[in-house]
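Under the working numbering, the first residue of the sequence shown carries the number 1218, and numbering increases by one thereafter. The next block holds one structure in the form of structure tokens; read it before the comments.
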Amino acid sequence: MESVGRGLIRPDVYNKVLGKSIYPDDLEFEDMLYAGVKRSTIPYGKVKNINME
1218 MESVGRGLIR PDVYNKVLGK SIYPDDLEFE DMLYAGVKRS TIPYGKVKNI
1268 NME
């Protein structure tokens, strides 16, 4: 193996360092939906209902 013990340059490193890489968070699609997480403020509480409005 020629690469054992030698530093290798990853092919995507230059674009990442220069800020040119495209990450999943950078993508936008038509009719794209967004979601978030709402954490409970009551530990070990029980859900009585969910308002879907």
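Cβ coordinates follow ideal geometry from the N, Cα and C atoms, glycine included.
Cα-Cα separation, Gly-1224 to Lys-1237
As a first step, residue 1224 is located in the sequence shown; it is residue number 7 there, counting from the start. As a first step, residue 1237 is located in the sequence shown; it is residue number 20 there, counting from the start. Straight across, the Cα-Cα distance linking Gly-1224 with Lys-1237 is about 23 angstroms.
Going straight from the alpha carbon of Val-1264 to that of Tyr-1240, what length do you get?
Reading the sequence shown from its first residue, position 47 is the one you call residue 1264. Reading the sequence shown from its first residue, position 23 is the one you call residue 1240. Computed Cα separation, rounded: 36 angstroms.
For Val-1234, report the span of its alpha helix (DSSP H) as first-last.
Here residue 1234 is taken as the residue at index 17 of the sequence shown, counted from 1. 1230 to 1234 is the span of the alpha helix (DSSP H), which, as asked, contains Val-1234.
Flag Lys-1255 as yes if its beta-carbon sits less than 7 angstroms from any beta-carbon of chain C, otherwise no.
No chain C appears in the structure shown, which is made up of a single protein chain.
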